[in-house]
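Q: Quick one: structure below, then a few questions.
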């Protein structure tokens, strides 16, 4: 007559269950699962492995009662047509997987939506920290969180970024080196398809691209009718109009995969051949664009590195807020091209 499922009959694994199997004390097991710097990496690995094997699930309600923390990081992300953010979110989730913290995701259609979502998180104590993206030069979200001393980290910089954790890509260096590569390949112009200028990285990209083009005697223009935050239809329409009005354009610098595809498509429709008649240099995903059009020159942004850093930075802001904020700027790698 069917026997009982031994797993169903077993009591729920606790910290003591893991401690008995590891030969450690309960406090040490707890610190290991919460990624405490007091515990060695090998011990953390062994504790996590045993916790996974026995099916341990932390009692978050109990943790909140004991510690006052939710052990949750809230990602309030503005989603754009660019694929980079869709790669960053699961990468942050993976980076936090073994830390004892979980994530919640709030998609924001605008910066106003993002600020409202952050206010709800802070005032409702729904998370221990926030990570947000698409940082503005004068960003009300940054000012709000700093004013309330609530832990957070940003993907991108603002005027106040020296006061908090952030991770960014050096978009100015990308623009400068892209201009050098276009000149090296014999191009006469640089057409920028970049971010909005109210973002630090948008203004930095525009200014450095314009300066580099002047220094290298390249004709400089920007596709101003749309930005990488525009819809795919908007990107395509703006690229077609630009190419139709300027048949001599031969060098493009793009800040997203979709912008690069839009200008490549417009030039191809006009009968131009990539690599022969024009070049497209993009900060994007080599894996994606390499499959679609291997002629596009792609400078990868290391999404996993950024996610790992943001996870580490925001956890430090939660656990040891008196330490200086962790900050990093990734440098573009043109070594295979220049």
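Numbering (my numbering), first residue to last: 147 to 484.
A virtual CB, placed ideally from N, CA and C, is assigned to each residue, including glycine.
Since this is a predicted model, take the numbers as computed values, not measurements.
Do you know offhand how far residue 158's Cα is from residue 250's?
A: Position 12 of the chain shown, counted from the start, is the residue given in the question as residue 158. Position 104 of the chain shown, counted from the start, is the residue given in the question as residue 250. Their Cα atoms are separated by approximately 25 angstroms.
Q: Can you tell which of 399, 285, 416, 171 has its C-alpha closest to the C-alpha of residue 391?
A: For the purposes of this step, residue 391 is identified with residue 245 of the chain shown, where counting begins at 1. Out of 399, 285, 416, 171, 416 has the C-alpha closest to the C-alpha of residue 391.
Q: Identify whether residue 335 lies in helix, strand or coil by the three-state DSSP scheme.
A: To locate residue 335, count along the chain shown from 1; it is residue 189. Strand at residue 335.
Q: Do residue 378 and residue 372 have their beta-carbon atoms positioned less than 7 angstroms apart in this structure?
A: Sequence index remark: in the chain shown, residue 372 carries index 226 (1-based). Sequence index remark: in the chain shown, residue 378 carries index 232 (1-based). Not closer than 7 angstroms, so no.
Q: Kindly confirm or deny that the stretch 300 to 315 and the stretch 400 to 418 touch, where touching means at least three C-beta pairs closer than 8 angstroms.
A: Segments in contact, no.
Q: Note down, in chain order, each residue of its chain lying with its Cβ closer than 6 angstroms to the Cβ of residue 317, except the 5 sequence neighbours on either side.
A: On the chain shown, residue 317 is found 171 positions in, with the first residue counted as 1. For residue 317, where only same-chain residues beyond five positions count, the Cβ hits under 6 angstroms are 347, 350, 351.
Q: Which residues share a DSSP beta bridge with residue 282?
A: The residue given as residue 282 occupies position 136 in the chain shown. Per DSSP, 345.
Q: Which class does residue 468 belong to by DSSP, given the choice of helix, strand or coil?
A: The residue labelled residue 468 in the question sits at position 322 within the chain shown. Coil.
Q: Within a Cβ cutoff of 8 angstroms, which residues of the same chain sit near residue 171, ignoring the five residues on either side of it in sequence?
A: Position 25 of the chain shown, counting from 1, holds the residue named residue 171. So the list reads 165, once near-sequence residues are dropped.
Q: Cα-Cα, which of 333, 366, 162 is closest to residue 202?
A: Position 56 of the chain shown, counting from 1, holds the residue named residue 202. Per the Cα distances, 162.
Q: Report the residue from 299, 278, 464 whose alpha carbon sits nearest the alpha carbon of residue 253.
A: Stepping through the chain shown from its first residue, residue 253 is reached at position 107. Ranking 299, 278, 464 by Cα distance to residue 253 puts 278 first.
Q: I'd like to confirm the pairing. Which residues does DSSP put opposite residue 275 in its beta bridges?
A: Within the chain shown, residue 275 is the residue found at index 129, counting from 1. For residue 275, which the question treats as bridged, DSSP gives the partners 219.
Q: Between residue 342 and residue 374, what straight-line distance do the alpha-carbon atoms span, to the nearest angstrom?
A: Here residue 342 refers to the residue found at position 196 when the chain shown is read from its first residue. Here residue 374 refers to the residue found at position 228 when the chain shown is read from its first residue. Between residue 342 and residue 374, the C-alpha separation is close to 7 angstroms.
Q: What separation, rounded to the nearest whole angstrom, lies between the Cα atoms of residue 365 and residue 440?
A: Here residue 365 is taken as the residue at index 219 of the chain shown, counted from 1. Here residue 440 is taken as the residue at index 294 of the chain shown, counted from 1. Each residue's Cα considered, the two are about 26 angstroms apart.
Q: What would DSSP say about residue 260, mapped onto helix, strand or coil?
A: Sequence index remark: in the chain shown, residue 260 carries index 114 (1-based). Correct three-state label for residue 260: helix.
Q: Is it the case that the stretch 302 to 310 contacts the stretch 321 to 340, given that we only count it when at least three CB pairs across the two stretches are under 8 angstroms?
A: No, they do not touch.
Q: Determine the closest residue to residue 432 out of 449, 424, 195, 423, with distance taken between C-alpha atoms.
A: Counting from 1 along the chain shown, the entry for residue 432 is found at position 286. Nearest option by C-alpha distance: 449.
Q: Distance, Cα to Cα, residue 149 vs residue 215?
A: Within the chain shown, the letter at position 3 stands for residue 149. Within the chain shown, the letter at position 69 stands for residue 215. Since pLDDT at residue 149 reaches only 48, below the 50 mark, its modelled position is unreliable, and the value read off the structure follows with that caveat. C-alpha separation (whole angstroms): 42 angstroms.
Q: Going along the chain, which unbroken runs of the alpha helix (DSSP H) with 4 or more residues stay wholly within the stretch 375 to 461?
A: DSSP runs (the alpha helix (DSSP H)) wholly in the stretch 375 to 461: 378 to 391, 403 to 415, 432 to 438.
Q: Using the C-alpha atoms, what's the distance from residue 385 back to residue 259?
A: The sequence position of residue 259 within the chain shown is 113, counting from 1. The sequence position of residue 385 within the chain shown is 239, counting from 1. In a straight line, the C-alpha of residue 259 is about 29 angstroms away from that of residue 385.
Q: So, helix, strand or coil for residue 152, using DSSP?
A: Residue 152 sits at position 6 when you count from the first residue of the chain shown. Confidence at residue 152 is low in this model, with a pLDDT of 43, below 50, so the placement of that residue should be treated as unreliable; the coordinate-derived value is given next. Helix at residue 152.
Q: Out of 465, 453, 470, which one is the CA nearest neighbour of residue 240?
A: Along the chain shown, one-based indexing puts residue 240 at 94. For residue 240, the nearest C-alpha among the options comes from 453.
Q: Quick one: using the 10 Å Cβ neighbour count with 16 as the cut-off for buried, is residue 301 buried or exposed?
A: Along the chain shown, one-based indexing puts residue 301 at 155. By the neighbour-count rule (16 or more Cβ atoms within 10 Å), residue 301 is buried.
Q: Quick one: give me the first and last residue of the beta strand (DSSP E) that residue 173 is part of.
A: The count along the chain shown starts at 1 and reaches residue 173 at position 27. Element bounds for residue 173: not the beta strand (DSSP E) but the alpha helix (DSSP H), 172 to 179.
Q: Taking the DSSP output, what are the residues bridged to residue 368?
A: Within the chain shown, the letter at position 222 stands for residue 368. 338, per the DSSP bridge assignment.
Q: Tell me which same chain residues have a C-beta within less than 6 angstroms of the C-beta of residue 153, skipping the five on either side of it?
A: Along the chain shown, one-based indexing puts residue 153 at 7. Note that residue 153 scores 44 on pLDDT, short of 50, meaning its location in the model is unreliable; the coordinates nonetheless yield the value given after this. For residue 153, where only same-chain residues beyond five positions count, there are no Cβ hits under 6 angstroms.
Q: Using the three-state DSSP reduction, which class does residue 315 fall into: helix, strand or coil?
A: Position 169 of the chain shown, counted from the start, is the residue given in the question as residue 315. Correct three-state label for residue 315: strand.
Q: Do residue 419 and residue 400 have their C-beta atoms closer together than 7 angstroms?
A: By 1-based counting over the chain shown, the position of residue 419 is 273. By 1-based counting over the chain shown, the position of residue 400 is 254. No, the Cβ-Cβ distance between residue 419 and residue 400 is not below 7 angstroms.
Q: Expressed to the nearest angstrom, what Euclidean distance is found between the alpha-carbon atoms of residue 363 and residue 326?
A: Counting from 1 along the chain shown, the entry for residue 363 is found at position 217. Counting from 1 along the chain shown, the entry for residue 326 is found at position 180. Spanning the two alpha carbons is a distance of roughly 11 angstroms.
Q: Looking at the structure shown, is residue 481 part of a helix, part of a strand, or coil, going by DSSP?
A: Along the chain shown, one-based indexing puts residue 481 at 335. The answer is coil: DSSP assigns residue 481 none of H, G, I, E or B.
Q: Are the Cβ atoms of residue 444 and residue 435 separated by less than 7 angstroms?
A: As a working mapping, residue 444 is identified with position 298 in the chain shown. As a working mapping, residue 435 is identified with position 289 in the chain shown. Contact: yes.
Q: Measure the alpha-carbon distance for residue 151 versus residue 181 and round it to whole angstroms.
A: Your numbering for residue 151 matches position 5 in the chain shown. Your numbering for residue 181 matches position 35 in the chain shown. Confidence at residue 151 is low in this model, with a pLDDT of 48, below 50, so its placement is unreliable and no value can be given for it.
Q: CA-CA distance, residue 176 and residue 200?
A: Here residue 176 refers to the residue found at position 30 when the chain shown is read from its first residue. Here residue 200 refers to the residue found at position 54 when the chain shown is read from its first residue. Residue 176 and residue 200: Cα-Cα distance of roughly 15 angstroms.
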